[in-house]
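The next block holds one structure in the form of structure tokens; read it before the comments.
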Amino acid sequence: MKTKQTIAIIGASGNMGAAVARSLSKGNYRLLLCANNLDKVQTVAYEIKESNPDAEVEASDCSKDASWEADIIIAAIPYAAEKEVAEKIREVANQKIVISIANPLNDFFNGLVTAPDTSAAEELQKLLPNSKVIKAFNTTFAADFATPVIDGKQADAFIAGNDLDALQTVSELVETAGFNPLVAGDLSVSGTLERMQLLLIQLNMKYDYNWLAGWKILHQ
Amino acid sequence: MYTLFFQNLNSKVQLTEEEEEQIKTYLTLKKLRKKQYLLQEGDVCKMIAFVEKGALRAYSVDENSNEHIIQFGLEGWTISDLYSFLTGEPATYNIDALEDSELVIISKSAHEELLQTMPKYETFTRLNITGAYLAMQRRLTSTISASVEERYQDFITLYPHIAQRVPQHMIASYMGLTPETLSRIRKRISSR
């Protein structure tokens with residue numbers, strides 16, 4: 001697509017949000033970085049501009065205005081904040097792609113707080129019934145964005161959602177970020193993807209991968 | 001956010017509150033800053049945009065890089081590359097914002113679903129496309145047969161107050177004139 005798309009990243013001052021912002025700033029996108037703490041998110045924007053002067057990036061503390069301007073919204077927020085953010089952006093997120101990156105982990109990193117038959121993405125879809133919620137960027141650690149090729153292999157990044165056009169658009173985002181996009185299925189697959197990351201986190205802590213690890217599907 | 005949009009819709013087909021709510025679920029609200037593109041030539045146009053606030057223009061670019069403005073979109077107007085929207089072929093127009101703007105967008109998929117499910121929306125679409133056809137016929141006739149003065153008067157009738165919002169060279173581009181010719185015509189008209 002030639003027409004530059006505007007992406008609002010809500011929670012862009014966090015580890016994941018900032019990593020997503022940095023990697024997408026290489027693409028044909030205009031980024032609106034939002035966070036409650038304006039100073040922090042301005043620093044992220046400044047750092048991106050410094051390393052890539054051509055990047056179009058702005059900081060803001062208003063998730064509603066940024067989502068209103070955006071074509072695509074990335075909710076780089078913890079599961080616990082979904083409800084509050086959804087309420088702010090519901091009207092302006094209508095019909096737009098909203099990417100859920102959250103993994104609803106418990107405080108001990110040994111289980112999920114969501115019920116077995118649902119997921120953070122499906123819960124966000126319920127809160128934003130007229131948006132196109134897509135699960136993506138949840139099976140990659142923040143450090144992977146700087147190094148998407150690990151041990152010589154490009155990490156897979158799984159995507160799940162119900163709208164075919166939206167899945168295509170998000171696949172392009174994932175590719176821009178340097179990962180191999182892999183559409184796993186409709187939004188109901190999100191629960192599996194969130195549990196996969198739970199496992200990767202547990203493996204990381206057990207075997208000390210230094211938070212640089214990812215999934216790769218081996219196939220013929 | 002969509003006051004003008006629903007005023008426009010209700011002036012053509014009276015909606016119930018439930019119908020308004022139903023249509024709202026299909027609408028995309030979008031803000032565009034001055035000089036930002038809504039559509040670039042070569043992409044398929046997958047939406048119709050209603051201008052709630054601000055001003056946009058649709059234009060084509062010839063092989064010598066000259067811009068030819070096809071349409072202005074001010075408050076209450078819709079703007080799109082209808083040919084691309086209806087055929088699915090790549091757009092030949094660029095659409096960008098002349099001022100910071102607020103848009104109410106109907107995507108192609110939302111448009112098709114609404115056409116299937118809501119007869120009033122179908123009526124609204126028919127009236128809109130008929131209006132667009134009439135406007136195009138008027139512009140075509142005016143361009144090929146009217147005097148330049150008459151064309152300028154037609155333009156001002158169609159877009160009142162636009163001269164205060166849009167630079168002269170863009171009005172000249174819309175009329176297919178050089179800015180110098182346009183300036184002479186305006187002087188001639190005002191000296192009468």
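Residue numbers (the UniProt record's numbering), protein chains in the order written: chain A, 1 to 220; chain F, 1 to 192.
Ideal Cβ placement from N, Cα and C applies to all residues, glycine included.
Keep in mind the model is a prediction, meaning the values are calculated, not measured.
So is A:Gln125 in contact with chain F if we call contact Cβ pairs under 9 Å?
no
What residues in the region 104–121 of chain F have a beta carbon less than 7 Å from any beta carbon of chain A?
Cβ contacts with chain A come from Ser107 and Ala110.
Looking at A:Trp211 and A:Phe141, is the spacing between their C-beta atoms short of 9 Å?
By the CB criterion at 9 Å, A:Phe141 and A:Trp211 fall inside the cutoff.
Interface residues of chain F around A:Val92 at Cβ under 7 Å?
Leu29
Would you check if the distance between the CB atom of A:Leu187 and the CB atom of A:Glu122 is smaller than 9 Å?
yes
Would A:Gln5 and A:Asn28 be called neighbours here (beta carbons separated by less than 9 Å)?
yes
Closest to F:Glu52 by CA distance: which of F:Leu39, F:Glu63 and F:Leu29 is it?
F:Leu29
Which of the three DSSP states, helix, strand or coil, is assigned to F:Ile186?
It should be noted that the sequence gives Arg, not Ile, for residue 186 of chain F. Helix.
Helix, strand or coil for F:Met47 per DSSP?
Three-state DSSP puts F:Met47 in a strand.
Note the first and the last residue of the continuous alpha helix (DSSP H) segment covering F:Arg138.
Segment Pro119 to Ser145, the alpha helix (DSSP H) holding F:Arg138.
Based on the DSSP output, what are the partners of A:Leu105 in its beta bridges?
Looking at the DSSP assignment, A:Leu105 forms a beta bridge with A:Leu112.
Across which residues does DSSP place F:Pro90 in a beta bridge pair?
F:Val44
Note the first and the last residue of the continuous alpha helix (DSSP H) segment covering A:Ala160.
Run containing A:Ala160: none in the alpha helix (DSSP H); it sits in the beta strand (DSSP E), Asp156 to Gly161.
Excluding five sequence neighbours on each side, which residues of the same chain lie with their C-beta closer than 6 Å to the C-beta of A:Ala59?
Leu33, Val41, Gln42 and Ala45
Let me know if F:Arg192 comes out buried or exposed under the rule of 16 or more other beta-carbons within 10 Å of its beta-carbon.
Its Cβ having fewer than 16 others within 10 Å, F:Arg192 is exposed.
Can you tell me where the alpha helix (DSSP H) with F:Gln153 in it begins and where it stops?
Run containing F:Gln153: Val148 to Leu158, per the alpha helix (DSSP H) assignment.
Within 10 angstroms of the Cβ of A:Gly152, are there 16 or more other Cβ atoms? Answer buried if so, exposed if not.
exposed
If you measure from the beta carbon of A:Lys2 to each beta carbon in chain F, is any gap under 9 Å?
yes
Give every residue of the same chain whose Cβ lies closer than 6 Å to the Cβ of A:Ala143, excluding the five residues on either side of it in the sequence, and list them in chain order.
Trp211 and Leu212
For A:Lys126, count the other beta carbons within 10 Å of its own beta carbon; 16 or more makes it buried, fewer makes it exposed. Which is it?
exposed
Have a look at the DSSP bridge pairing and note the partners of F:Arg192.
BP columns for F:Arg192 are empty, so no partner.
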